[in-house]
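First comes the structure, then the notes that go with it.
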Ligand code: ADP
Ligand code: MG
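So, in structure tokens, the structure goes:
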């Protein structure tokens, strides 16, 4: 029951305003809700894509390709898995380790998807942190210590949203919205009539703090209210600080990132959440990545980058 409630909260993370003629289709996958808002029925090919990626990127399914890769010291994965691992490692470097796909052993330890999550022992956390070590990607091969478990949980859903968007565009869908567990792709509008993507109030159930206007782009939200449990009055959420091994405490409770890449929006929303507001704005100013963001601070204050397109309530 507890798990169900957490998933339902996730589903209303981002509220979309719908235009006439659009239908919503919701399917389950990757331990979350995936919603397509389209003109017409959901084509079988989109569902097949979801199944394909679920079998590629799962860290926990013994039949998944990533699971196999994680169990080995050297592996030649499919081109897509190789590319996403490579991109993940690159973002890890550019965010100074705030985003780190090598923390699978730590995610496994915290196990936020379990029905009875608990705070692990400090010694086990230290042990999991020790398992984060070099992963080398070269000529299509992934090399690492077999103990290193790669976790694509903070980048794969955005990537999948992007792949589904390309598929739908190729198959005659001119406009629509896809939400893969809160990672949104909104496509096919113009500036006179943009999509409005509502950003949920991190502390007040179903209300929003405002919305982001977007014509074509990707929005991902990471927050401390998506998957969490409370123990002795302390909130433990699923975005981990790879430096401490504990849930990130950066002064932020929610970050939305807008960019032209689904994978980047997803990964950066996690990274900025871990980095905090000041370091995020430094990354923004450095121009390493082209993105906009909306931050909600612990005291409820909302801050945005200059061209975020955010309109408060
Ligand atoms: P969600 O999966 O709810 O959309 P995120 O995109 O922020 O949220 O991803 C969180 C997931 O990513 C966690 O469940 C975990 O598997 C993994 N993760 C947690 N912290 C980090 C981190 N600092 N860097 C990379 N991956 C992380
Ligand atoms: Mg993310």
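Numbering (this note's numbering), first residue to last: 1062 to 1374. The C-beta atom is built at its ideal place from N, Cα and C for all residues, glycine as well.
**Message:** Under 8 Å: does the beta carbon of residue 1315 sit that close to some heavy atom of the ligand MG?
**Reply:** What you label residue 1315 is simply residue 254 of the chain shown in a count that begins at 1. Not under cutoff, so the answer is no.
**Message:** Assuming the contact rule is C-beta atoms closer than 8 Å, residue 1335 and residue 1311 should be a hit. Round their C-beta distance to whole Å, please.
**Reply:** On the chain shown, position 274 is the one that residue 1335 refers to. On the chain shown, position 250 is the one that residue 1311 refers to. Their Cβ separation, rounded to whole angstroms, is 6 Å, which keeps residue 1335 and residue 1311 in contact under 8 Å.
**Message:** Is residue 1303 near the ligand ADP - that is, is its Cβ less than 8 Å away from at least one heavy atom of it?
**Reply:** For the purposes of this step, residue 1303 is taken as the residue at position 242 of the chain shown. Yes.
**Item:** Nonlocal neighbours in the same chain, by C-beta distance under 7 Å from residue 1090, ignoring five residues either side
**Value:** Taking the chain shown and counting its residues from 1, one reaches residue 1090 at position 29. 1111, 1115.
**Prompt:** Straight-line CA distance for residue 1078 to residue 1174?
**Reply:** Position 17 of the chain shown, counted from the start, is the residue given in the question as residue 1078. Position 113 of the chain shown, counted from the start, is the residue given in the question as residue 1174. With a pLDDT of 49 at residue 1078, under the threshold of 50, the predicted position of this residue should be treated as unreliable, though the coordinate-derived value follows. Each residue's Cα considered, the two are about 29 Å apart.
**Message:** Tell me the residue span of the alpha helix (DSSP H) that contains residue 1114.
**Reply:** Locating residue 1114 in the chain shown gives position 53, where the first residue counts as 1. Element bounds for residue 1114: 1105-1118.
**Prompt:** Whose CA, out of 1241, 1288, 1338, 1253, lies closest to the CA of residue 1226?
**Reply:** For this step, residue 1226 is matched to residue 165 along the chain shown. Selected option, being the one with the closest Cα: 1241.
**Asked** Helix, strand or coil: how does DSSP classify residue 1363 here?
**Response** Numbered from its first residue, the chain shown carries residue 1363 at position 302. Residue 1363 falls in the strand class under three-state DSSP.
**Item:** heavy atom of the ligand MG below 8 Å from residue 1174 C-beta
**Value:** On the chain shown, position 113 is the one that residue 1174 refers to. Residue 1174 Cβ: outside cutoff for every heavy atom of the ligand MG.
**Prompt:** Heavy atom of the ligand ADP less than 8 Å from the Cβ of residue 1086, yes or no?
**Reply:** Taking the chain shown and counting its residues from 1, the one referred to as residue 1086 is at position 25. No, the Cβ of residue 1086 stays beyond 8 Å of every heavy atom of the ligand ADP.
**Proximity to residue 1203 [Cα-Cα], best of 1344, 1363, 1179, 1130** = Translated into positions along the chain shown, residue 1203 becomes position 142. Comparing Cα-Cα distances from residue 1203 to each of 1344, 1363, 1179, 1130, the minimum goes to 1130.
**Asked** In whole angstroms, what is the alpha-carbon distance linking residue 1263 and residue 1364?
**Response** In the chain shown, counting from the first residue as 1, residue 1263 sits at position 202. In the chain shown, counting from the first residue as 1, residue 1364 sits at position 303. Rounded to whole angstroms, residue 1263 to residue 1364 spans 14 Å at the Cα level.
**Asked** Counting Cβ pairs closer than 8 Å, one from the stretch 1154-1162 and one from the stretch 1177-1184, do we hit at least three?
**Response** no
**Message:** Does the distance between the C-beta of residue 1049 and the nearest non-hydrogen atom of the ligand ADP fall short of 8 Å?
**Reply:** It is not possible to answer for residue 1049, since the shown part of the chain is limited to 1062 through 1374.
**Asked** Any heavy atom of the ligand MG within a distance shorter than 8 Å of the CB on residue 1219?
**Response** As a working note, residue 1219 is residue 158 in the chain shown. Yes, since a heavy atom of the ligand MG falls inside the 8 Å radius drawn around the Cβ of residue 1219.
**Request:** Excluding the 5 residues preceding and the 5 following residue 1369 in the sequence, name in chain order all residues of the same chain whose CB lies nearer than 6 Å to its CB.
**Result:** As a position in the chain shown, residue 1369 is number 308, starting the count at 1. Hits under 6 Å: 1353, 1355.
**Item:** Three-state secondary structure assigned by DSSP to residue 1221
**Value:** Working through the chain shown from its first residue, we reach residue 1221 at position 160. In this structure, residue 1221 counts as helix in the three-state DSSP scheme.
**Message:** Please list the terminal residues of the continuous alpha helix (DSSP H) segment that includes residue 1165.
**Reply:** In the chain shown, counting from the first residue as 1, residue 1165 sits at position 104. Start and end: 1165-1171.
**Message:** Tell me which residue opens and which closes the alpha helix (DSSP H) that residue 1307 is part of.
**Reply:** Position 246 of the chain shown, counting from 1, holds the residue named residue 1307. Unbroken run through residue 1307: none, as it is neither H nor E.
**Request:** Assign residue 1096 to one of three DSSP states: helix, strand, or coil.
**Result:** For the purposes of this step, residue 1096 is taken as residue 35 along the chain shown, with counting starting at 1. In the structure shown, residue 1096 sits in a strand (DSSP, three-state: E or B).
**Item:** Limits of the beta strand (DSSP E) - the one that residue 1250 falls within
**Value:** Along the chain shown, one-based indexing puts residue 1250 at 189. Where residue 1250 is concerned, there is no enclosing beta strand (DSSP E), given that its DSSP letter is neither H nor E.
**Prompt:** Would the C-beta of residue 1331 count as close to the ligand MG, meaning under 8 Å from any of its heavy atoms?
**Reply:** As a first step, residue 1331 must be located in the chain shown, where it is residue number 270. At least one heavy atom of the ligand MG is nearer than 8 Å to the Cβ of residue 1331, so yes.
**Prompt:** Is any heavy atom of the ligand MG found at a distance shorter than 8 Å from the C-beta of residue 1319?
**Reply:** The sequence position of residue 1319 within the chain shown is 258, counting from 1. No, since every heavy atom of the ligand MG falls outside the 8 Å radius drawn around the Cβ of residue 1319.
**Message:** Using a Cβ-based criterion (distance less than 8 Å to any ligand heavy atom), does residue 1351 qualify as near the ligand MG?
**Reply:** Numbered from 1 along the chain shown, position 290 holds the residue referred to as residue 1351. Outside the cutoff, so no.
**Message:** For residue 1237, count the other beta carbons within 10 Å of its own beta carbon; 16 or more makes it buried, fewer makes it exposed. Which is it?
**Reply:** Taking the chain shown and counting its residues from 1, one reaches residue 1237 at position 176. By the 10 Å Cβ count, residue 1237 comes out buried.
**Presumed contact (8 Å Cβ cut-off) between residue 1337 and residue 1301, rounded CB distance** = For the purposes of this step, residue 1337 is identified with residue 276 of the chain shown, where counting begins at 1. For the purposes of this step, residue 1301 is identified with residue 240 of the chain shown, where counting begins at 1. Actually they are not in contact, since the Cβ atoms of residue 1337 and residue 1301 sit about 14 Å apart, beyond 8 Å.
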